[in-house]
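Trainee:
Chains as they are written, first to last, in my numbering: chain A, 36 to 189; chain B, 36 to 189.
(1) Around the C-beta of residue 52/B, are 16 or more other C-beta atoms found within 10 angstroms, so that it is buried, or is it exposed?
(2) Taking a contact to mean a Cβ-Cβ separation below 7 Å, would you say residue 105/B touches residue 71/B in this structure?
(3) Can you tell me where the alpha helix (DSSP H) holding residue 186/A begins and where it ends?
(4) Name the residue from 154/A, 169/A and 187/A whose alpha carbon lies nearest to the alpha carbon of residue 81/A.
(5) Using only alpha-carbon positions, find the residue among 78/B, 93/B and 79/B that is nearest to residue 85/B.
(6) Under 7 Å between C-beta atoms, does residue 155/B make it to chain A?
(7) My assumption, with CB atoms under 8 Å, is that residue 135/A sits in contact with residue 115/A. Please give the rounded CB distance.
(8) Just checking, does the segment 56-65 of chain B make contact with the segment 55-64 of chain A on the three C-beta pairs under 8 Å criterion?
(9) Hey, is residue 42/A's beta-carbon within less than 7 Å of any beta-carbon in chain B?
(10) Tell me whether residue 127/A is buried or exposed, calling it buried when 16 or more other Cβ atoms sit within 10 Å of its Cβ.
(11) Just to confirm, is the Cβ distance from residue 156/B to residue 95/B under 7 Å?
(12) Helix, strand or coil: how does DSSP classify residue 59/A here?
(13) Among 144/A, 165/A and 160/A, which one has its Cα closest to the Cα of residue 89/A?
(14) Checking 7 Å against the spacing of the C-beta atoms, do residue 74/A and residue 149/B come in under that value?
(15) Determine whether the beta carbon atoms of residue 77/A and residue 153/B lie at a separation below 7 Å.
(16) Between 189/A, 129/A, 160/A and 146/A, which lies nearest to residue 177/A when the distance is taken from Cα to Cα?
(17) Find the nearest neighbour of residue 65/B within the set 91/B, 118/B, 112/B and 110/B, judged by alpha-carbon distance.
(18) What is the residue span of the alpha helix (DSSP H) that residue 147/A lies within?
(19) Does residue 145/B have its Cβ less than 7 Å from a Cβ in chain A?
(20) Applying the 10 Å Cβ sphere with the 16-neighbour rule, what's the burial state of residue 162/A?
(21) Give me, in chain order, the residues of the same chain whose beta-carbon lies closer than 7 Å to that of residue 99/A; leave out the 5 immediate sequence neighbours on both sides.
This is the structure in structure tokens:
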């Protein structure tokens, strides 16, 4: 169980085999990873408002900054924030299903897809093309949903 | 009061004069900005462990990823998350002093310094120079402290 968890973490960290810091407590891991997702969600919200819904005037600089934040967070090695005892069967304040530490192929797939699409979001935002950004917003959102559907409890 | 708050927000947003999204509730602003600081703190912790304390083996790729995340968050326009009614005299779950919306020169100074040093952190991390990264970690930390000392309650 511990081994598969470490493997899953290493996969999500996308090429980081070593821990980046002294191991955090489970509580701190959960808080830090939720902070990362929440901050990405804020930036996704800005892209939705400007590129998809048009509720707010399109500002290419703001879109670039938002996509940069999302991509940088996605590439920051968040896999280190998933120790095997940090799922909802063992820890509080998380909806992470224990399957996360069992379905390593699926974890690899959703994690790889998410990072790839976040990197594309950064590239597309840099072009200033609103329509392309709206399409890539959707592609990123689908990779978010894939992980939620598989590994986050309702 | 409202005007100075908006000005302070615009300053911290570093060149973003327009709101990036439909205005969030005060509660959502507070949660999103705290998420940003918390995620930066996690990444600062990785740099401290590897470049300053040496508790964890130095990994240049991890340091680059951590600094990228910090810089991207610092440049993401967080000023939009500071509406005048989001200080501790009017809102809950925040230690933001109301002075933040009165001392606009000081807010400009601490915000500009923070973004500048975060950008330098990203540049230094890209070189892979551990000693230089340790020194720049300290420079960034001082800009964090300057804001805490002035605008965050104990």
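Quick reminder that beta carbons are idealized off the backbone N, C-alpha and C, glycines included.
Mentor: Taking the coordinates as given:
(1) Below a pLDDT of 50, predicted positions are generally treated as unreliable, and residue 52/B, at 42, falls in that range; no measurement from the model is reported.
(2) no
(3) 165-186
(4) 169/A
(5) 93/B
(6) no
(7) Not a contact, Cβ separation roughly 14 Å.
(8) no
(9) In this predicted model, residue 42/A has a pLDDT of only 44, less than 50, meaning its place in the structure is not dependable enough to derive any value.
(10) Label assigned to residue 127/A: exposed.
(11) Going by C-beta atoms, residue 156/B is not nearer than 7 Å to residue 95/B.
(12) coil
(13) 165/A
(14) With a cutoff of 7 Å on beta-carbon distance, residue 74/A and residue 149/B are scored as not near each other.
(15) no
(16) 146/A
(17) 118/B
(18) 139-162
(19) no
(20) exposed
(21) 160 and 161
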